[in-house]
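Chains as they are written, first to last, in my numbering: chain A, 1417 to 1530; chain B, 30 to 144. Glycine residues also receive a C-beta, built at the ideal position from the N, C-alpha and C atoms. Because the structure is a prediction, the values reported are computed rather than measured. Remarks on the structure that follows.
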Amino acid sequence: DQQVKQNSPSLSVQEGRISILNCDYTNSMFDYFLWYKKYPAEGPTFLISISSIKDKNEDGRFTVFLNKSAKHLSLHIVPSQPGDSAVYFCAASLGSNSGYALNFGKGTSLLVTP
Amino acid sequence: DAGVTQSPTHLIKTRGQQVTLRCSPKSGHDTVSWYQQALGQGPQFIFQYYEEEERQRGNFPDRFSGHQFPNYSSELNVNALLLGDSALYLCASSLALGTAYNEQFFGPGTRLTVL
């Protein structure tokens, strides 16, 4: 049963604009949320994370927002660059240390066009 | 500093065979997790090894087994291969203690095809 859902398989955005990737989860026990980025033939790489006690975390061009009541999080990329084109996975875990398994969504393929 | 490495890169097996995949964690890491990523899906947690023992396990049958060695490297074994086992197998390493957040570093994966 998919506990983390990314309902948009793909997204196309123009360079310089904002990219917004969405993620929903069903398990209210999830305590920590992460975004990973994956290029073809490479493993996923960590992008940004947020604890359930926060509602926003920012790192350069990347901001993650968490709405616990709606069980929804989103990743904002501003401004989008062609190098951001990749598959983005949302993941959730029951705790913030590495002993907890990551539960992934199916991913959203982002294409940033010049 | 070498990241997570996995071998082999690609593998083709037939149904019923057995396969072993290998993973070397990032330098300094002591915990290894294995994930299966089927086509069009997100990675699914198989199990995690710490101090040479399986610490937790996802919803995978006993045909999937693993091992962690004293140098923290790990193997994933799959017996009696099924067509549905065809997937990208990802290894992730992390540090069990002293980490402020659950960042797992992933290797490039092993692409297993079962014919």
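{"Query": "Contact between the region 1422 to 1435 of chain A and the region 1491 to 1499 of chain A (3+ Cβ pairs under 8 Å)", "Result": "yes"}
{"Query": "Run of the beta strand (DSSP E) containing residue 1525 of chain A, from where it starts to where it stops", "Result": "1524 to 1529"}
{"Query": "Local Cβ density within 10 Å of residue 97 of chain B, reported as buried at 16 or more and exposed below that", "Result": "buried"}
{"Query": "Per-residue DSSP class, three states only, for residue 112 of chain B", "Result": "helix"}
{"Query": "Pairwise C-alpha distance: residue 1516 of chain A and residue 47 of chain B", "Result": "28 Å"}
{"Query": "Residues near residue 1507 of chain A in its chain [Cβ-Cβ closer than 8 Å; skip 5 each side]", "Result": "1420, 1449, 1450, 1451, 1452, 1518, 1519, 1520, 1521"}
{"Query": "Residues bridged to residue 125 of chain B (per DSSP)", "Result": "DSSP, once it has assigned bridges, lists no residue as partnering residue 125 of chain B."}
{"Query": "Cutoff 8 Å: residue 1518 of chain A Cβ touching any chain B Cβ", "Result": "yes"}
{"Query": "Residues near residue 1443 of chain A by beta carbon distance below 6 Å, same chain, minus five either side", "Result": "1419"}
{"Query": "Cβ-based neighbour list, residue 1424 of chain A, same chain, cut-off 6 Å, excluding 5 preceding and 5 following", "Result": "1524"}
{"Query": "Residues, ordered as in the chain, of the region 73 to 97 of chain B that lie near chain A by beta-carbon distance below 8 Å", "Result": "73, 74, 77, 79, 84, 85, 87"}
{"Query": "Short CB-CB distance (under 8 Å) between residue 1460 of chain A and chain B", "Result": "yes"}
{"Query": "Beta strand (DSSP E) segment containing residue 1448 of chain A, residue limits", "Result": "1448 to 1454"}
{"Query": "Closer than 8 Å to chain A by CB, residue 137 of chain B", "Result": "yes"}
{"Query": "Cβ of residue 1486 of chain A within 8 Å of any chain B Cβ", "Result": "no"}
{"Query": "Endpoints, beta strand (DSSP E) assigned at residue 1466 of chain A", "Result": "1461 to 1467"}
{"Query": "Enclosing beta strand (DSSP E) for residue 1475 of chain A [first to last residue]", "Result": "1472 to 1475"}
{"Query": "Cutoff 8 Å: residue 125 of chain B Cβ touching any chain A Cβ", "Result": "yes"}
{"Query": "Under 7 Å by beta carbon: chain A residues contacting residue 71 of chain B", "Result": "1505, 1520, 1521, 1522, 1523"}
{"Query": "Cutoff 8 Å: residue 1457 of chain A Cβ touching any chain B Cβ", "Result": "yes"}
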